[in-house]
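Read in our numbering, the sequence shown has 275 at position 275, and its numbers run on one by one without any break.
Note that the Cβ used here is the ideal one computed from N, Cα and C, for glycine as well.
This one's a predicted model, so the numbers in the text were calculated from it and none came from an experiment.
Step one of this worksheet: look at the structure below.
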Amino acid sequence: MPHSKVLAALDIGSSKIRTVVGVVEEKKPLINIIGVGVSPSAGIRKGIISDLDEAVANITASLEEAERMSGEALHRVFVSFSGPSLETYDSKGVIAISGSNAEISEDDVDRVLDAARAVSLPANREILRIIPKSFTVDSQHHVRYPVGMSGIRLEVEAHILAGQTSAVKNLEKCLYQTGIDIEDIVPSQLACAEAVLTRRQKELGVVLIEIGASSTSLAVFEEGTVIYSAVLPVGGEHVTNDLAIGARAAIDTAEKIKIEYGTCLPKEVNEREEIDLSQISKSDTHSVNKKHVAEVIEARYHEIFLMVHDELVKIGRAGMLPAGAILCGAASKTPGVTDLAREVLGLPVQMGFPTQVEGIVDRVDDPGFSTAVGLLHFGNRYGSSRSLLNLNFGNLGNSILDFFRKLIP
Ligand SMILES: Nc1ncnc2c1ncn2[C@@H]1O[C@H](COP(=O)(O)OP(=O)(O)OP(=O)(O)O)[C@@H](O)[C@H]1O
Ligand SMILES: [Mg+2]
1 MPHSKVLAAL DIGSSKIRTV VGVVEEKKPL INIIGVGVSP SAGIRKGIIS
51 DLDEAVANIT ASLEEAERMS GEALHRVFVS FSGPSLETYD SKGVIAISGS
101 NAEISEDDVD RVLDAARAVS LPANREILRI IPKSFTVDSQ HHVRYPVGMS
151 GIRLEVEAHI LAGQTSAVKN LEKCLYQTGI DIEDIVPSQL ACAEAVLTRR
201 QKELGVVLIE IGASSTSLAV FEEGTVIYSA VLPVGGEHVT NDLAIGARAA
251 IDTAEKIKIE YGTCLPKEVN EREEIDLSQI SKSDTHSVNK KHVAEVIEAR
301 YHEIFLMVHD ELVKIGRAGM LPAGAILCGA ASKTPGVTDL AREVLGLPVQ
351 MGFPTQVEGI VDRVDDPGFS TAVGLLHFGN RYGSSRSLLN LNFGNLGNSI
401 LDFFRKLIP
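Okay, here's the thing in structure tokens:
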């Protein structure tokens, strides 16, 4: 009988808390989704716990719904970390190779990554992931995996994702109070990439753009590995806020206008079309022009994609990624968003949906579930590496090595 295990993922977003439960079987790439839970994320602001009791109640509701649907009692979860408090840094480390034959060992790779960790991060930051981008052995650059090579000097260029210590600690406290253990805390764009990007896209060069409620996270892949990531403090809730002002409507009405009538393509909207707000709201009774609504929405998404473009300019990849841009996150569902992104970024653009799943697929077949499903794939692929949070170097190195090895095609 094939060996199987149950994995659970908790994506704590700024608008929704999503739990997904899946069963993985040995040697089977598909994850069988058996339970889903969704609750509003009151008590969480911009990815940070703002009201512990409220957050605990909502996380518990999401977990319980998934437990009921799956029939599994959940004890451990993979948790996402997102929002403006997730920061990213580039770093370098260098060490001398010891030993009689000057052959690079796994310990040397651990040591050089530790040197890269010693980068002067601002105070009160907790490293969630350190990703080796490339190694240099003596004067040989762009080495992917140096173990076994000969040399006397080993350098690494690494990318670090870190969270504010208080934000990470409060997340841990919150989950402790729900009575569930954390398998791992994973930056959301890394999890998301596991569900929506193919190995070929990561090899060719691709940018993943996850548009959530409070922020837009991006991750750039090349030659199979992450070379850059960033979090931009703008997302779907800013579109809603703009509409509330532009349409002089209550925030809930603005959200409904956006979901029901929103588009990023004002050119395609008839100037004379009006939206009667009394049909969707009790408090607002006036009408708003549909083209005006589209113009407001387009302006904010245009700004988001310009910010993404600026990030790509910073790393010299603007218009240069052969596999283009993949959009996910629930705020990428606005009609016309791929056309607008294509125009602003000058890249091929597609929507990303969670892949490699079976079971109750219809419940997760949505760009908003990419991170939750991605957490399951991440957990299945890399396992737990909680040591990454504990600055425990021995385990840290092994986790990183496992992580890195599995990135190598
Ligand atoms: N059908 C839709 N069309 C357009 N926007 C949508 C749609 N459904 C949801 N949204 C928007 O998507 C945003 C929520 O996205 P998502 O659920 O991915 O965010 P989150 O994970 O809760 O937050 P974050 O990742 O920023 O912490 C909200 O601003 C919401 O208005
Ligand atoms: Mg999210």
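With distances taken Cα to Cα, identify the nearest neighbour of Asp138 among Met149, Arg125, Leu154, Arg129. Leu154
Check whether the Cβ of Asp11 lies closer than 7 Å to any heavy atom of ligand 2, and answer yes or no. yes
Under the rule that 16 or more other beta-carbon atoms within 10 Å means buried, what is Tyr382, buried or exposed? buried
Going straight from the alpha carbon of Ala331 to that of Glu210, what length do you get? 8 Å
Curious, which full-length beta strand (DSSP E) runs of at least 3 residues does the region 319 to 384 contain? For the region 319 to 384, whole beta strand (DSSP E) runs of length 3 or above, ordered along the chain, are 325 to 328, 349 to 351, 357 to 359.
Is it buried or exposed, Gly246, if we count other Cβ atoms within 10 angstroms and call 16 or more buried? buried
Specify the secondary structure class of Ser387 as computed by DSSP and reduced to three states. Confidence at Ser387 is low in this model, with a pLDDT of 35, below 50, so the placement of that residue should be treated as unreliable; the coordinate-derived value is given next. Ser387: helix per DSSP, three-state reduction.
So, does the region 176 to 196 touch the region 45 to 62, judging by three or more C-beta pairs under 8 Å? The region 176 to 196 is in contact with the region 45 to 62.
So Ser215 and Gly47 are supposed to be a Cβ contact under 8 Å. How far apart are they, rounded? Going by Cβ atoms, the distance from Ser215 to Gly47 rounds to 7 Å, so yes, they are a contact pair.
With a cut-off of 8 Å on the beta carbons, I'd call Leu340 and Cys264 a contact; round off their distance for me. 4 Å
Gly179, DSSP secondary structure in three states: coil
Could you check whether the Cβ of Gly37 sits closer than 7 Å to any heavy atom belonging to ligand 2? no
Thr240 - containing alpha helix (DSSP H), residue span: 236 to 246
Taking 7 Å as the cut-off, does the CB of Thr240 come closer than this to any heavy atom belonging to ligand 2? no
Curious, which full-length alpha helix (DSSP H) runs of at least 4 residues does the region 236 to 302 contain? 236 to 246, 251 to 261
For the alpha helix (DSSP H) containing Glu203, name the first residue and the last one. 199 to 204
Close-in-space but distant-in-sequence residues of the same chain around Val119 (CB under 6 Å, 5 per side omitted): Ser91
Check: Ser41 C-beta below 7 Å from any heavy atom of ligand 1: Yes; taking the cut-off as 7 Å, the Cβ of Ser41 has a heavy atom of ligand 1 nearer than that.
Straight-line Cα distance separating Ser70 from Ala357: Looking at the sequence itself, residue 357 is Val, so the reference to Ala does not match. Computed Cα separation, rounded: 15 Å.
Looking at the secondary structure, which residues open and close the beta strand (DSSP E) in which Ile31 lies? 31 to 40
Please determine, among His292, Pro233, Gly319, the residue with the shortest C-alpha to C-alpha distance to Ser85. Pro233
Which residues in the same chain as His377 place their Cβ atom closer than 6 Å to its Cβ, once the five residues preceding and following it in sequence are excluded? Glu194, Ala195
Quick one: using the 10 Å Cβ neighbour count with 16 as the cut-off for buried, is Asn58 buried or exposed? Buried.
Which of the three DSSP states, helix, strand or coil, is assigned to Arg117? helix
Taking the alpha-carbon of Ser15 as reference, which of Ala162, Lys5, Gly235 has the nearest alpha-carbon? Gly235
Specify, as a first and last residue, the run of the alpha helix (DSSP H) that Ser139 falls within. No alpha helix (DSSP H) holds Ser139; DSSP gives it neither H nor E.
Whether or not the region 366 to 374 and the region 8 to 28 are in contact is what I'm after, with contact meaning three or more pairs of Cβ atoms, one per stretch, closer than 8 Å; do they touch? In short, these stretches touch, since the Cβ pair count reaches three.
In the DSSP output, what is Lys92 paired with across the bridge? Glu157
Rounding to the nearest angstrom, what Cα-Cα distance links Arg76 and Ile185 in this structure? 12 Å
Buried or exposed for Lys258, going by 16 or more other Cβ atoms inside 10 Å? Buried, since its Cβ has 16 or more Cβ neighbours within 10 Å.
To which residues of the same chain is Ile326 closer than 8 Å at the C-beta, ignoring the five residues directly before and after it? Val196, Leu197, Gln201, Val206, Val207, Leu208, Ile209, Val349, Gln350, Met351, Gly352
Cross-strand partners of Ser80 (DSSP beta bridge): Val186
Between the Cα of Glu25 and the Cα atoms of Asp242, Ile97, Ile33, which residue gives the shortest distance? Ile33
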